[in-house]
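K.L.:
Residue numbers (my numbering): 704 to 1183.
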């Protein structure tokens, strides 16, 4: 790697997190993968026009201004390597070597060009490895140091899986340029993880203040040592995701080369489904008054049709905290609202404003919403959605109309005989109507405890609660 050059993207191979070959390569004939190496038998063919491994020069130029690139690789055998953009061949190399040799292909962004990929054709067998794309130029990379903010609660096994991936990454290899560029802050709301000294990893025991309280504690600890650590960006991440280290490398490279006009923007990590790992559940979010819409919802990313606008973020308003990177300039003065659970990422993202940046290869795998539904979660979803809408002018300003919408929701639940869910929705609405002052002062752990302890509810007690709610509606309470 020469002066003024930086690796921005490395080839990703099928792995333990996701073995779906179609996310990484398109192959014809006999092709084998061994760790980070590709073997093509005679007359086999492979290309990287895939979600993980295509290079979207248009997106990188938009956010970084870099126009000159090169793809580097090691290869031996007899065959042909081509750099392609769509149906066009940008450059081609004939390979005839019995020894592993290093090759590179320079290329330049053009307005009419977009996504580049590598195509390899084997004549008598090809062995290919160490494939990287580098930004080329004299521009100095900006100093970047990321802090990962993770809140956890009784999920030591999944958390350890995350820490193992990060611990084996270049950020923890002493001789690597990325060494020490990522700090990990784990806030343990269950206070059960051993707090032993670890380089670049800090664990903090915390009362069970929910996700929002845990993430806030993480921010407090990050700020305490800011003058010493020089953290420039904070990554919010759930404790039960699965990820690959290349995701963090691409975030780091993007931040290092970012244009000044984008330096205050958020980078949103995509969510892929844990139950069908080739499927993107969402790339970024649109609030839509609480009826959330997902950019690129439930798309099979092995399909060629998914790649045409793979980095299109039109309409996106925020990124979920399964993986979302914020600039320290915003984080140092902003705490999440004490929602306990759900919608803290929504409100924080809307408060930040702007349009989150999305890029292929920056994602996690995560359990989707339908596996997390419960009456208690419904309380937070409904209450917190009402609060967000009120704060940002999306809510129903007509109190009577809002009341009628609530009644319709309750009637639908009541007819199904779901009395515990009905109870939680009634409480959510009544708590919302108590106003911002009550909400900010109330101990959310107490609320959560009362909800989780309630194992059943009865039709007649809900009727009483509804009558009380109706009487309170005669007042002039408003969330403001």
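Glycine included, each C-beta is placed from N, C-alpha and C at the ideal position.
If the criterion is Cβ atoms closer than 8 Å, does the pair residue 1036 and residue 922 meet it?
P.N.:
What you label residue 1036 is simply residue 333 of the chain shown in a count that begins at 1. What you label residue 922 is simply residue 219 of the chain shown in a count that begins at 1. The answer is no: Cβ separation not under 8 Å.
K.L.:
Given residue 1084, which residues of its chain have a CB within under 7 Å of its CB, disregarding the five upstream and five downstream residues?
P.N.:
If you number the chain shown from 1, residue 1084 lands on position 381. Counting only Cβ-Cβ distances below 7 Å, and skipping sequence neighbours, we find 1045.
K.L.:
If I measure Cβ to Cβ from residue 881 and keep anything under 6 Å in the same chain, skipping five residues before and after, which residues do I get?
P.N.:
For the purposes of this step, residue 881 is taken as the residue at position 178 of the chain shown. Result list for residue 881: 873 and 874, in chain order.
K.L.:
Can you give the Cα-Cα distance for residue 828 and residue 778, rounded to whole angstroms?
P.N.:
Counting from 1 along the chain shown, the entry for residue 828 is found at position 125. Counting from 1 along the chain shown, the entry for residue 778 is found at position 75. The straight-line gap from Cα to Cα measures roughly 11 Å.
K.L.:
Would you list, in sequence order, the uninterrupted alpha helix (DSSP H) runs of no fewer than 4 residues that lie entirely inside the region 985-1063?
P.N.:
Taking only runs of at least 4 residues, the alpha helix (DSSP H) segments lying wholly in the region 985-1063 are 1031-1034 and 1047-1055.
K.L.:
What number of angstroms, rounded off, separates the C-alpha of residue 988 from the C-alpha of residue 976?
P.N.:
Residue numbering aside, residue 988 sits at position 285 when the chain shown is read from its first letter. Residue numbering aside, residue 976 sits at position 273 when the chain shown is read from its first letter. C-alpha separation (whole angstroms): 15 Å.
K.L.:
Rounded to a whole number of angstroms, what is the C-alpha to C-alpha distance between residue 945 and residue 805?
P.N.:
For the purposes of this step, residue 945 is taken as the residue at position 242 of the chain shown. For the purposes of this step, residue 805 is taken as the residue at position 102 of the chain shown. Approximately 33 Å, taken between the alpha carbons.
K.L.:
Look up residue 1139 in the DSSP assignment and say whether it is helix, strand or coil.
P.N.:
On the chain shown, residue 1139 is found 436 positions in, with the first residue counted as 1. In the structure shown, residue 1139 sits in a helix (DSSP, three-state: H, G or I).
K.L.:
If I measure Cβ to Cβ from residue 739 and keep anything under 8 Å in the same chain, skipping five residues before and after, which residues do I get?
P.N.:
Indexing the chain shown from 1 puts residue 739 at position 36. Within the same chain, residue 739 has close Cβ partners 714, 716, 832 and 833.
K.L.:
What's the gap between the Cα of residue 849 and the Cα of residue 1124?
P.N.:
As a first step, residue 849 must be located in the chain shown, where it is residue number 146. As a first step, residue 1124 must be located in the chain shown, where it is residue number 421. Rounded to the nearest angstrom, the two C-alpha atoms are 41 Å apart.
K.L.:
Runs of 4 residues minimum, wholly inside the region 1090-1128: which ones carry the alpha helix (DSSP H) assignment?
P.N.:
Qualifying alpha helix (DSSP H) stretches, in chain order: 1102-1118.
K.L.:
Take residue 767 as the anchor and find which of 755, 994, 1060 and 888 has the nearest alpha-carbon.
P.N.:
In the chain shown, the residue the question calls residue 767 occupies position 64. The shortest Cα separation from residue 767 among 755, 994, 1060 and 888 belongs to 1060.
K.L.:
Which word fits residue 856, buried or exposed, when buried means at least 16 other C-beta atoms lie within 10 angstroms of its C-beta?
P.N.:
By 1-based counting over the chain shown, the position of residue 856 is 153. Counting Cβ neighbours within 10 Å, residue 856 comes out buried, since at least 16 surround it.
K.L.:
From residue 940 to residue 1052, what distance separates their C-alpha atoms?
P.N.:
Within the chain shown, numbered from 1, the residue matching residue 940 stands at position 237. Within the chain shown, numbered from 1, the residue matching residue 1052 stands at position 349. Approximately 14 Å between the Cα atoms of the pair.
K.L.:
Put residue 1161 into one of helix, strand or coil per three-state DSSP.
P.N.:
Taking the chain shown and counting its residues from 1, one reaches residue 1161 at position 458. In the structure shown, residue 1161 sits in coil (DSSP, three-state: anything other than H, G, I, E or B).
K.L.:
With residue 766 as the anchor, note down where its alpha helix (DSSP H) starts and where it stops.
P.N.:
Reading the chain shown from its first residue, position 63 is the one you call residue 766. Note, residue 766: alpha helix (DSSP H), 760-767.
K.L.:
Looking only at C-alpha atoms, which of 1043, 908, 1097 and 1090 sits nearest to residue 1152?
P.N.:
Counting from one through the chain shown, the residue named residue 1152 turns up at place 449. Per the Cα distances, 1043.
K.L.:
The beta strand (DSSP E) that contains residue 822, what's its start and end?
P.N.:
Start at 1 with the first residue of the chain shown, and residue 822 comes out as number 119. Segment 818-839, the beta strand (DSSP E) holding residue 822.
K.L.:
Only counting the same chain, and skipping five residues up and downstream in sequence, which positions put a Cβ closer than 7 Å to that of residue 1154?
P.N.:
Along the chain shown, one-based indexing puts residue 1154 at 451. Taken in chain order, the residues that qualify are 1079, 1082 and 1127.
K.L.:
Can you have a look at residue 1130 and say buried or exposed, based on whether 16 or more other CB atoms are within 10 angstroms of its CB?
P.N.:
Taking the first residue of the chain shown as position 1, residue 1130 is located at position 427. So residue 1130 ends up on the buried side.
K.L.:
Beta carbon of residue 904, beta carbon of residue 887: below 8 Å?
P.N.:
Here residue 904 refers to the residue found at position 201 of the chain shown. Here residue 887 refers to the residue found at position 184 of the chain shown. Yes.
K.L.:
Enumerate in chain order the residues of its own chain whose CB-to-CB distance from residue 1132 is below 8 Å, with the five nearest sequence positions on each side excluded.
P.N.:
As a position in the chain shown, residue 1132 is number 429, starting the count at 1. Excluding positions up to five away in sequence, the list reads 1085, 1086, 1089, 1109 and 1172.
K.L.:
Between the C-alpha atoms of residue 836 and residue 818, what's the straight-line distance to the nearest angstrom?
P.N.:
The count along the chain shown starts at 1 and reaches residue 836 at position 133. The count along the chain shown starts at 1 and reaches residue 818 at position 115. Cα to Cα, residue 836 sits roughly 13 Å from residue 818.
K.L.:
How should residue 789 be labelled, buried or exposed, when 16 other C-beta atoms within 10 angstroms of its C-beta is the threshold for buried?
P.N.:
Counted from its first residue, the chain shown places residue 789 at position 86. Classification of residue 789: exposed, given that the 10 Å Cβ count is below 16.
K.L.:
What residues in its chain sit with their C-beta under 6 Å from that of residue 1103, if we drop five residues either side in the sequence?
P.N.:
Here residue 1103 refers to the residue found at position 400 when the chain shown is read from its first residue. Same-chain partners within the cutoff: there are none.
K.L.:
Within the chosen definition, does the region 1009-1018 reach the region 1055-1072 through at least 3 CB pairs nearer than 8 Å?
P.N.:
Verdict: yes, contact present.
K.L.:
For residue 701, tell me which candidate among 1054, 991, 1070 and 1112 has the shortest Cα-Cα distance.
P.N.:
This structure does not reach residue 701, given that the chain is present from 704 up to 1183, and the question cannot be answered.
K.L.:
So does the region 747-759 actually touch the region 718-737, counting three or more Cβ pairs closer than 8 Å?
P.N.:
At 8 Å Cβ cutoff, the stretches touch.
K.L.:
Between 958, 896, 843 and 830, which has its C-alpha nearest residue 885's C-alpha?
P.N.:
For the purposes of this step, residue 885 is taken as the residue at position 182 of the chain shown. The residue with the shortest Cα to Cα distance from residue 885 is 958.
K.L.:
Tell me the DSSP secondary structure of residue 750 in three-state form.
P.N.:
Mapped onto the chain shown, residue 750 falls at position 47. Residue state, collapsed to three classes: strand.
K.L.:
Distance check for residue 897 and residue 913, CA to CA, integer angstroms please.
P.N.:
Looking up residue 913 in the chain shown gives position 210. Looking up residue 897 in the chain shown gives position 194. Whole-angstrom Cα-Cα distance: 20 Å.
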